[in-house]
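Data first, discussion second: the structure below is written as structure tokens.
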Amino acid sequence: MSTWTRENLATASETLESVDETTDDAGERLESLADQLDTLATRDVSDQIGSAHESVTAFRETVEGV
Numbered sequence: 000m001s002t003w004t005r006e007n008l009a010t011a012s013e014t015l016e017s018v019d020e021t022t023d024d025a026g027e028r029l030e031s032l033a034d035q036l037d038t039l040a041t042r043d044v045s046d047q048i049g050s051a052h053e054s055v056t057a058f059r060e061t062v063e064g065v
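Just so you know, numbering that gives the first Met the number 0 puts 50 at position 51 of the sequence shown, and the rest follows in order with no gaps.
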């Protein structure tokens, strides 16, 4: 498992938010995930990084073509 830095988490959050703006069906889930990653980027919760990564992986499994 890789360790995500705060910068990586913030970048992931921003990317998901920008993708969220262009999607309809998965928009709410992307926004929720972006909020979770933003929270991780602004708090010192290194033990939850693995959980966030698992959430991203689980979400990606629900999106066709990803």
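Even glycine gets a Cβ: it sits at the ideal position worked out from N, Cα and C.
Boundaries cannot be given for E63, as no alpha helix (DSSP H) includes it and DSSP labels it neither H nor E.
Between A51 and R5, the C-beta gap is not smaller than 8 Å, which leaves the two residues out of contact. Under the DSSP assignment, T4 falls outside any alpha helix (DSSP H); it carries neither an H nor an E label. Apart from sequence neighbours up to five positions away, the residues of its chain that approach F58 with a beta-carbon distance below 7 Å are R28 and L32, ordered along the chain. Under the three-state reduction of DSSP, R59 is assigned to helix.
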